Structures are given as structure tokens and as C-alpha cells.
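Note sheet for the following structure.
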Amino acid sequence: MALKKLCPKCGRLIDAGQRYCNECTKKYEARQKERYKEYDNRRKGNKNWKFYSTNEWRKVRQYINIKYKGLCLWSYYIEHMIVQANVVHHIMPIEDDYSKRLEIDNLIPLTDMNHRYIHELYKKDKARAQERLRFILNEWNKQFAR
Ligand SMILES: [Zn+2]
Ligand SMILES: [Zn+2]
423 MALKKLCPKC
433 GRLIDAGQRY
443 CNECTKKYEA
453 RQKERYKEYD
463 NRRKGNKNWK
473 FYSTNEWRKV
483 RQYINIKYKG
493 LCLWSYYIEH
503 MIVQANVVHH
513 IMPIEDDYSK
523 RLEIDNLIPL
533 TDMNHRYIHE
543 LYKKDKARAQ
553 ERLRFILNEW
563 NKQFAR
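Set out below in C-alpha cells:
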């Protein structure tokens, strides 16, 4: 008869060469995976957050500000109002595609309020909201060729 021992987690009888019983091993591995995912998300979150304080982001923001004359494009095209922008929004969010973080065609200047509103729209229908923002950029580019 093979050497047996008790699973240290649940007390089931197992082969002496095993660390845990099959069930506990599965649970253990699932927990490890979950931990790694959490760790990875935290790491990515950190990287994204750090990006906003980099020089390259500051420069791109300045460029956007000049290109669009400091205007909130949502106010201009949707509400037909001249309002100063104070944030630059990523149409494709950096957590979705980090490689587009500095792409001019992925950035749109907005007021704080419209920015928050657009993030609400993203929760309901991201693709549709992104389409509207790209349409707005396109209108600008048609009107004031680059
Ligand atoms: Zn067990
Ligand atoms: Zn945003």
C-alpha cells in the first residue's frame, strides 16, 4: 500500500507525495491566479497614473490646447458655445490601449463637466460615445484643415 498522509488543509487522505488533495490544489491555484491578477491591475493602474505627470503628456496637452484654441469641442459642436476646455480626454482610454496615449487623433479637449458627462456615456455605450467624439474631431479637422 502506498504511503498516505492527510491533506494539511482539509484532512482528506492523500498520497504522501502530494502537497494537498486535488480539490485543495485547485482552490490554491485559483487563489494564486486571483492574487496575481490583483497585483497586475495595481501595477497597471500605477503606470497609467504616473503617465499623467510625465513631460510627454504635458507637451501633448499643450499641443492640443493650441490646436483647438483652448476650446471644449463638445461645447462648441454639440452645444454651440464657446467654452474654455480644462481637461484632455482619451477617446480610447489608456487602460484600454496604452499605445494610443499620445496620439493626437485620440485626444479631445473638454470642460470638466462635459468630461464627466462623457465618462457617464462610456458606461452606457462606449462605442457610440467614442464615435460621437471622433465625429467632432473630424468636423474640426474639416473646418480648420491641419
Ligand atoms: Zn484538501
Ligand atoms: Zn477621460
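If you read the sequence shown in the working numbering, its first letter stands for residue 423, the second for the next number, and so on. Just so you know, even glycine gets a beta-carbon here, dropped at the ideal spot from N, CA and C. All of these numbers come straight from a predicted model, not from anything done at the bench.
The DSSP assignment places 495-500 as complete runs of the alpha helix (DSSP H) inside the region 480-564, in order along the chain (cut-off: 4 residues). The alpha-carbon of V510 is positioned some 4 Å away from that of P531. Residues C429, K431, C432, R434 and I436 of the same chain have their beta carbon placed closer than 8 Å to that of C443, with the five preceding and five following residues left out of the count.
As the crow flies, the alpha-carbon of M514 is around 32 Å from that of R453. Following the DSSP letters along the chain, one finds K427 inside the beta strand (DSSP E) bounded by residues K426 to L428. Distances from the CB of H512 to the heavy atoms of ligand 2 include at least one below 7 Å.
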